[in-house]
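Presented below is the structure to which this report refers.
Number of protein chains: 2
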Amino acid sequence: MISEAVENYLKMIYELQNETGKVSTNALAEKLGVAPASVTGMLKKLAEERPRLVNYERHHGVSLTPAGQKIALEVIRHHRLIELYLQQALGYSWDQVDAEAEKLEHVISEDFEDRIDALLGQPEFDPHGDPIPTKGLQLARPDHPRLSELAAGQSGRVSRVRDDDPALLRYLAELGIIPDATLTVAGKAPFGDTLSVRVGAESDSPSHTLGRPVTDQVFVEIQGK
Amino acid sequence: MISEAVENYLKMIYELQNETGKVSTNALAEKLGVAPASVTGMLKKLAEERPRLVNYERHHGVSLTPAGQKIALEVIRHHRLIELYLQQALGYSWDQVDAEAEKLEHVISEDFEDRIDALLGQPEFDPHGDPIPTKGLQLARPDHPRLSELAAGQSGRVSRVRDDDPALLRYLAELGIIPDATLTVAGKAPFGDTLSVRVGAESDSPSHTLGRPVTDQVFVEIQGK
DNA sequence: TTTCTTTTTTAGGCTGGCCTAAATACTGCG
DNA sequence: CGCAGTATTTAGGCCAGCCTAAAAAAGAAA
Chain E
0 MISEAVENYL
10 KMIYELQNET
20 GKVSTNALAE
30 KLGVAPASVT
40 GMLKKLAEER
50 PRLVNYERHH
60 GVSLTPAGQK
70 IALEVIRHHR
80 LIELYLQQAL
90 GYSWDQVDAE
100 AEKLEHVISE
110 DFEDRIDALL
120 GQPEFDPHGD
130 PIPTKGLQLA
140 RPDHPRLSEL
150 AAGQSGRVSR
160 VRDDDPALLR
170 YLAELGIIPD
180 ATLTVAGKAP
190 FGDTLSVRVG
200 AESDSPSHTL
210 GRPVTDQVFV
220 EIQGK
Chain A
0 MISEAVENYL
10 KMIYELQNET
20 GKVSTNALAE
30 KLGVAPASVT
40 GMLKKLAEER
50 PRLVNYERHH
60 GVSLTPAGQK
70 IALEVIRHHR
80 LIELYLQQAL
90 GYSWDQVDAE
100 AEKLEHVISE
110 DFEDRIDALL
120 GQPEFDPHGD
130 PIPTKGLQLA
140 RPDHPRLSEL
150 AAGQSGRVSR
160 VRDDDPALLR
170 YLAELGIIPD
180 ATLTVAGKAP
190 FGDTLSVRVG
200 AESDSPSHTL
210 GRPVTDQVFV
220 EIQGK
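Chains as they are written, first to last, in numbering that gives the first Met the number 0: chain E, 0 to 224; chain A, 0 to 224.
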């Protein structure tokens, strides 16, 4: 049986792998809120599992084997489906869903998964715009630029917002910066660390000034201009 | 923090207490699928918890303290709300809900509880007719007789069906023996171990022959005759 | 290349929750 | 009352998953 701890390790390895390429013991420890020594111990066990769940060579980081990736994607599918379900069916706001999904993802049955998937109409994205792996564990990974990377004058559609910080999510929701919103970079301060952004399609849409910590967390599919 | 194991012990103690009065180490061990020695160990810990969760004297069984009962009722409220939610909102059949609720009951937040409670309209009974403790943890305990205790000719309303055995639940559902169904004892075989029961309010309702293992699991609120 | 810093691993320990086997306490019957 | 049989507890262990402190390896800088 795969324990909750193992599921979390695999999920985190997967996410780090796709964010920063390499996965170090330290980074993993930090993300998991656990001492580095604990990570080393766990990685050894995962590498000795049969079938092997990770490729691990001491001092050289870790990566998922196909078996490990399969489990990671199952957990991620659970997580994102649950997030969307909580929002759609139970009225959660998008800054609340992550915490609850974190716990539920490890306990729901295949049956539960199928039922909410059907109820939601086989959705493709969760409330933050993260793609939901299909039943067959295929995962679309559209790689859009960060809002902070857009040039003045460019505009596009918000595709995804990083879901780490509930306070930031609440703030963004207030501004209307949610997936599918239309954004236009009205101006860019010198050195590019502050943007003036118009939210909405019209030219009289409200405009806001956003700093780097914000604009780095928003991903935009460039469209117009 | 209260662990899942502790929650299960307290829940089981509560249930045994209300089924058979006294709660023995062995009975608890069997219900939990655990060795008796393990139960002894856990009971000691629960009795040393501050606040104390159980009253425990070696060789003399165990009972819940108010603090222990509070936790037990919270878990039971979770369990039964979830059962009903799974049935009403996700289309589970009543023989499937118990297994899923068993896992979910330990992880949902207060918020989740409130939301499904509201969505279901503050329900009073779960799919098997078990009462759902209120938010304030008040629990109605209507104590109706078992179907097996009815005399020939008596009739009544099914109030509750024991939820232990999914196969039995499926069988009963097929016969239409579910909470609120009307039942009449058409006949009783010698020694009372087999009943002929009419399911439904009309006098031409279908009648079935039921043995003791079945009739002991169905509780009836006597009405007519 | 050698040294210094940072990262990672080893070593040793702890807790929770379970186990088996063996000892002991209750209980009911002769 | 005493003894057999059952119920319960003690003793000793195991495993998962975490910890800290200390050692060792890797990598950067001089």
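For glycine and all other residues, C-beta sits at the position ideal for the given N, C-alpha and C.
Helix, strand or coil for A/H207, going by three-state DSSP, please let me know. It is a strand residue.
What three-state label does DSSP hand A/R51 in the structure shown? Correct three-state label for A/R51: coil.
Kindly say whether A/V22, judged by its beta-carbon, lies nearer than 7 angstroms to any beta-carbon of chain E. For A/V22, the nearest beta carbon of chain E is not closer than 7 angstroms to its own beta carbon.
Counting only the same chain and skipping the five closest in sequence on each side, list residues whose C-beta sits under 8 angstroms from that of E/D129. Excluding residues within five positions, the ones whose Cβ falls inside 8 angstroms are R79, R159, D162.
Could you tell me the distance, in whole angstroms, from the CA atom of A/V96 to the CA atom of A/N54? In this structure, the straight-line span from the alpha carbon of A/V96 to that of A/N54 is close to 32 angstroms.
Own chain partners of A/L146 with C-beta closer than 6 angstroms, once the 5 adjacent residues on each side are dropped: The residues are T214, V217, V219.
Any C-beta of chain A under 7 angstroms from that of E/K69: Chain A contact via Cβ: absent.
Segment limits, alpha helix (DSSP H) that includes E/L138: Judged by DSSP secondary structure, E/L138 falls outside any alpha helix (DSSP H); it is assigned neither H nor E.
Quick one: Cα of E/F124 to Cα of A/L15, how far? When rounded, the distance between both Cα atoms is 46 angstroms.
Starting from A/G32, find everything on chain E with Cβ-Cβ shorter than 7 angstroms and list it in chain order. By Cβ distance, chain E contributes nothing, its closest Cβ being about 15 angstroms from A/G32, past 7 angstroms.
Residues of the segment 82-115 of chain A with a CB closer than 9 angstroms to any CB of chain E: list them in chain order, please. So the close ones are L85, A88, L89, G90, Y91, Q95, A98, E99, K102, L103, H105, V106, I107, S108, D110, F111, R114, I115.
Uninterrupted beta strand (DSSP E) stretches inside the segment 135-204 of chain A (no shorter than 3 residues): Listed in chain order, the beta strand (DSSP E) elements of length 3 or more contained wholly in the segment 135-204 of chain A are 154-160, 181-187, 193-198.
Measuring CA to CA, which of A/L83, A/K43, A/H127, A/D164 is closest to A/A117? Measuring from the Cα of A/A117, the nearest candidate turns out to be A/L83.
Entirely enclosed beta strand (DSSP E) segments - the segment 54-128 of chain A, minimum 3 residues: For the segment 54-128 of chain A, whole beta strand (DSSP E) runs of length 3 or above, ordered along the chain, are 61-63.
Residue environment, E/L203, which counts as buried when at least 16 other CB atoms sit within 10 Å: The sequence as given places Asp at residue 203 of chain E; Leu does not occur at that position. For E/D203, the number of other beta carbons within 10 angstroms of its own is below 16, and it is reported as exposed.
Cβ shell of E/V198 (< 7 angstroms), same chain only, five flanking positions each side left out: Excluding five sequence positions before and after E/V198, the CB atoms of its chain that fall closer than 7 angstroms to its own CB belong to L174, G175, I176, A180, L182, S204, P205, H207, given in chain order.
Can you tell me where the beta strand (DSSP E) with A/V217 in it begins and where it stops? Following the DSSP letters along the chain, one finds A/V217 inside the beta strand (DSSP E) bounded by residues 217-221.
Of the choices E/L72, E/L103, E/A139, E/I75, whose alpha-carbon is the least far from that of E/L85? Among E/L72, E/L103, E/A139, E/I75, the Cα nearest to that of E/L85 belongs to E/L103.
Relative to the C-alpha of E/H77, which residue among E/S37, E/G60, E/I115, E/L167 is closest? Ranking E/S37, E/G60, E/I115, E/L167 by Cα distance to E/H77 puts E/I115 first.
With distance defined between alpha-carbon atoms, name the residue in E/A88, E/K10, E/E112, E/L149 nearest to E/T64. Nearest option by C-alpha distance: E/K10.
Can A/E18 and A/H105 be called in contact, C-beta distance under 7 angstroms? It is not a contact, given that the beta carbons lie outside the stated cut-off.
Between which two residues does the alpha helix (DSSP H) holding A/V33 run? No alpha helix (DSSP H) contains A/V33, which DSSP labels as neither H nor E.
Taking Cβ positions, are E/P35 and E/A28 nearer each other than 7 angstroms? In contact: E/P35 and E/A28 (Cβ atoms closer than 7 angstroms).
Integer-rounded CB distance, given that A/A151 should sit under 8 angstroms from A/V184: Contact between A/V184 and A/A151 holds, with the beta-carbon distance rounding to 5 angstroms and staying under 8 angstroms.
Nonlocal neighbours in the same chain, by C-beta distance under 8 angstroms from A/K30, ignoring five residues either side: Non-local beta-carbon contacts of A/K30 in its own chain, meaning distances under 8 angstroms to residues more than five positions away in sequence, involve M11, E14, L15 in chain order.
In this structure, how does DSSP classify A/P212 when only helix, strand and coil are distinguished? Helix.
Inter-residue spacing [alpha-carbon to alpha-carbon] between E/N7 and E/K134: For E/N7 and E/K134, the distance between alpha carbons rounds to 20 angstroms.
With the cut-off set at 7 angstroms, would you say E/L209 and E/L194 are in Cβ contact? E/L209 places its beta carbon less than 7 angstroms from that of E/L194.
Do the CB positions of A/P141 and A/W93 come within less than 7 angstroms of each other? Not a contact, by the Cβ cut-off of 7 angstroms.
Looking only at its chain, what residues have a beta carbon closer than 7 angstroms to the beta carbon of E/S62, apart from the 5 residues adjacent to it on each side? Cβ neighbours of E/S62 beyond the five flanking positions: Q16, V22, V53, N54.
Name the one or two DSSP bridge partners that E/P130 has. E/P130 pairs with E/F124.
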